[in-house]
Amino acid sequence: AQKITQTQPGMFVQEKEAVTLDCTYDTSDPSYGLFWYKQPSSGEMIFLIYQGSYDQQNATEGRYSLNFQKARKSANLVISASQLGDSAMYFCAMREIGRGNNDMRFGAGTRLTVKP
Amino acid sequence: GAGVSQSPSNKVTEKGKDVELRCDPISGHTALYWYRQSLGQGLEFLIYFQGNSAPDKSGLPSDRFSAERTGGSVSTLTIQRTQQEDSAVYLCASSPRDRVNYGYTFGSGTRLTVV
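Those sequence lines, one after another, are chains A and B. Here the first sequence is numbered in the working numbering, starting from 10 and rising by one per residue. Here the second sequence is numbered in the working numbering, starting from -1 and rising by one per residue.
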């Protein structure tokens, strides 16, 4: 069963505007971690931000913030003040900690294009 | 090293041949992961090593795939009798230990093409 769902294959945003990339997840484990990664055309995966299931506050890292809505099982990534260098694939991922799973499950990704 | 190093960066092989992909994790990182990324797809978990514990092989797609990690450092992923569906980018990642909130550090990957 699909654990991580990213419904937007591609997104466009104007430079300097904010954009939200959607991610929903499915788990019965009360203890889990949510991650976002950026993959530019070079292919390397770059860790952006982490949200724990018990964290009370939404995670923020610079221009990145995670809109965590636990009851809806969503963990959307918000990028503020988009830059041309933000153009890349973005992946949402989850680890189910309580089950002791060693793997991180990834969504299919969203390709973000920032327009000048 | 400064980052996770993978070699080769590109590999073209004939169907039926065996291939070995290498991953050199960040020094001191005890956890090492292999993922596979097919064209335009997300990442598929293959195998996980943590220290000297038995590896978690639950993601390996068939018995043609195997991996080992020598001395808790360098890892080699071996694909025997390669098939065209094995064509993908193989990504290696490492982390200091199995810390749940640590975002893995990934290598640049090996692009495998089976012809």
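Beta carbons are placed, not taken as given, at the ideal position from N, Cα and C, and that holds for glycine. Values in this document were obtained by computation on a predicted structure and should not be read as measured data.
query: When burial is assigned at 16 or more other CB atoms within 10 Å of the CB, is Gly26 (chain B) buried or exposed?; result: exposed
query: Any heavy atom of the ligand FAD closer than 7 Å to the CB of Pro39 (chain A)?; result: With respect to the ligand FAD, the structure offers nothing, as it holds no ligand at all.
query: Whose Cβ in chain A lies nearer than 7 Å to the Cβ of Leu58 (chain B)?; result: Near Leu58 (chain B) there are no residues of chain A at all, since even the closest Cβ is about 12 Å away, more than 7 Å.
query: Tyr34 (chain A) and Gly101 (chain B) look like a contact to me (Cβ under 8 Å); what is the Cβ gap, rounded to whole Å?; result: With 8 Å as the limit, Tyr34 (chain A) and Gly101 (chain B) do not qualify as a contact, their Cβ atoms being about 16 Å apart.
query: Could you please give the first and the last residue of the uninterrupted beta strand (DSSP E) stretch that includes Ile88 (chain A)?; result: 83 to 88
query: With DSSP as the reference, label Gln23 (chain A) as helix, strand or coil.; result: strand
query: Please list, in chain order, the chain A residues whose beta carbon lies closer than 7 Å to that of Asn99 (chain B).; result: Gly42, Tyr59, Gly61
query: Which partner residues of Asn114 (chain B) appear in the DSSP bridge assignment?; result: Since the first residue of chain B shown is -1 and the last is 113, residue 114 (chain B) is not available in this structure.
query: If we define contact as Cβ-Cβ less than 8 Å, is Phe115 (chain A) a contact residue for chain B?; result: yes
query: Under 7 Å Cβ to Cβ from Arg114 (chain A), same chain only, skipping five residues before and after it: list those, please.; result: Lys12, Ile13, Ala102, Met103
query: Which value, in whole angstroms, describes the spacing of the CA atoms of Lys55 (chain B) and Thr74 (chain B)?; result: 14 Å
query: Interface residues of chain A around Val87 (chain B) at Cβ under 8 Å?; result: Gly52
query: Over the uninterrupted beta strand (DSSP E) stretch that includes Gln4 (chain B), give me the two end residues.; result: 3 to 5
query: Would you tell me roughly how many angstroms separate the C-alpha atoms of Ser198 (chain B) and Gly1 (chain B), rounded to the nearest one?; result: There is no way to answer for residue 198 (chain B), as the model of chain B reaches only from -1 to 113.
query: Can you list, in chain order, the residues of the region 0 to 21 of chain B whose Cβ is nearer than 7 Å to any Cβ on chain A?; result: none
query: Please name the residue, chosen from A:Tyr99, A:Gln92, A:Ile106, A:Asp112, that lies closest to Pro125 (chain A) on a Cα-to-Cα basis.; result: A:Gln92
query: Against chain B, with Cβ distances strictly below 8 Å, would Asp95 (chain A) count as a contact?; result: no
query: According to DSSP, is Glu83 (chain B) helix, strand or coil?; result: helix
query: In or out: Phe167 (chain A) buried (at least 16 other Cβ within 10 Å) or exposed?; result: Because chain A spans 10 through 125 in this model, residue 167 (chain A) falls outside it and cannot be assessed.
query: Which residues mark the beginning and the end of the beta strand (DSSP E) in which Asn76 (chain A) is found?; result: 73 to 78
query: Determine the closest residue to Val113 (chain B) out of B:Asp84, B:Ser36, B:Ser7, with distance taken between C-alpha atoms.; result: B:Asp84
query: On the CB-based measure, 16 or more other CB atoms within 10 Å of its CB, does Glu12 (chain B) come out buried or exposed?; result: exposed
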